[in-house]
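In terms of the UniProt record's numbering, the sequence shown is residues 1 to 281. Before any comments, here is the structure.
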Amino acid sequence: MRQEGRNDKRANRAKGGSESEKLEAGTVVLAGFHAVAARLQLDPASIELVYVDPERRDKRMREMREKLFAAGVRVMNADARRLTGLSPDVPHQGICALAKERENTLDFADLLDDINPKTLLLILDGVTDPRNFGACLRAADAAGVQAVIVPRDRSARMTPAAAKAAAGAAETVPVVQVTNLASAIMELRDNGVTVVGTAGETQKSIYDIDQAKAFAWVLGAEGEGLRQLTRRRCDELAAIPMVGSVESLNVSVASGICLFESLRQRIAAGIVTPGKAEDRL
1 MRQEGRNDKR ANRAKGGSES EKLEAGTVVL AGFHAVAARL QLDPASIELV YVDPERRDKR
61 MREMREKLFA AGVRVMNADA RRLTGLSPDV PHQGICALAK ERENTLDFAD LLDDINPKTL
121 LLILDGVTDP RNFGACLRAA DAAGVQAVIV PRDRSARMTP AAAKAAAGAA ETVPVVQVTN
181 LASAIMELRD NGVTVVGTAG ETQKSIYDID QAKAFAWVLG AEGEGLRQLT RRRCDELAAI
241 PMVGSVESLN VSVASGICLF ESLRQRIAAG IVTPGKAEDR L
């Protein structure tokens, strides 16, 4: 009698439409087209199996199936209930991948060694919402950020919700975890990085600051803002000009505004060229 293997068990669960699955250690679920496509591009060998909804026959799904087949990735059908069981908190769009866990992290000492005039960093102080964290990673990727720095104990982690909001950027932007954020800021400054925090009450605008050099933005969670010690460790503080009635912006929106002002200045100064991913380095 043939012994049922791991993939056979997964197949049976997929057909049965079970509501949840206990993943093996080291395996993560990538839900949605962006997350699956990003991993497929960067590390196809790490994808163990992809479940797709057979009811989706649109062009996007057909093209994704073709890419998966071309890469030699095993694809199996699973109904919507099964897919929701794999990704209960994140819309799966009819596709979920089981993949080996791939931590896109960077050691802080290595980051310091790589600082150069093109360096652009994003520092998040107390951003604990996974979707905001993921959206910040997405903005960071688009603006050419070299790494995102977060405190080890007071930050969101790379959950499926964060990966979904990151739209693939979780695979491309390194995250640096530090034990003491204030000390890390001082080390960045000692290594030639200008560090500017955002604060709504200051009179200086983000548009008044030279960002065409080794530079880091520091942003806090919406409402709470930066901690006092974090503020004191920054070179200076700047505000995003606003004319409406709201008092603050979502941190992912604010990070996009700040980072793209940095990108605008860097393009104007000839430091980076739009469309060149290597300018991140």
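Every residue gets a Cβ at the ideal spot worked out from N, C-alpha and C, and that includes glycine. Here the structure is a predicted model, which means the values were calculated and not measured.
Of M76, V251 and E48, the smallest CA-CA separation from A139 is found for V251. G197 carries a strand assignment under DSSP once its states are collapsed to helix, strand and coil. A direct Cα-Cα distance of roughly 37 angstroms separates E187 from A45.
For D125, the enclosing beta strand (DSSP E) has its first and last residue at L120 to D125. A distance below 6 angstroms between beta-carbons, with the five flanking residues on each side excluded, links A165 to the following residues of its chain, in chain order: R131, G134 and A135.
DSSP, read as helix, strand or coil, puts M186 in helix. Check the Cα spacing between V50 and each of G26, H92 and D58: the tightest is with H92. Each of F215, V176, T198 and L68 was checked against the Cα of E224, and the nearest Cα belongs to T198. Annotation for T128: R154, S155, A156 and A221 place their beta carbon closer than 8 angstroms to its own, counting only its chain and skipping 5 residues before and after. Using a Cβ distance threshold of 9 angstroms, V195 and V218 count as a contacting pair. CA-to-CA, the gap between N191 and A31 works out to about 39 angstroms. C-alpha of T230 to C-alpha of I185: approximately 8 angstroms in a straight line. For I240 against I267, the beta-carbon gap comes to about 20 angstroms, at or over 8 angstroms, which does not count as contact. Non-local C-beta neighbours of A71 in its own chain, meaning closer than 7 angstroms and more than five positions away in sequence, comprise L40 and P44, ordered along the chain.
One thing to note: L98 has its Cβ within 9 angstroms of the Cβ of T27. Between A170 and L137, the C-beta gap is smaller than 9 angstroms, which places the two residues in contact. Taking the Cα of E66 as reference, the smallest distance to any Cα among D89, L86, A37 and D141 is reached at A37. The beta carbons of S205 and A254 sit no closer together than 9 angstroms. Under DSSP, V176 takes part in a beta bridge, and its partners are I149. In the DSSP assignment, V243 forms no beta bridge with any residue. Looking at A212, D125, E236 and R189, the one whose alpha-carbon comes closest to that of Q203 is E236.
Taking the Cα of G200 as reference, the smallest distance to any Cα among L226, D210, K213 and M61 is reached at L226.
Fully enclosed beta strand (DSSP E) runs of no fewer than 3 residues occupy 215–220 and 236–238 of the stretch 206–279, in order along the chain. Under DSSP, T27 takes part in a beta bridge, and its partners are K100.
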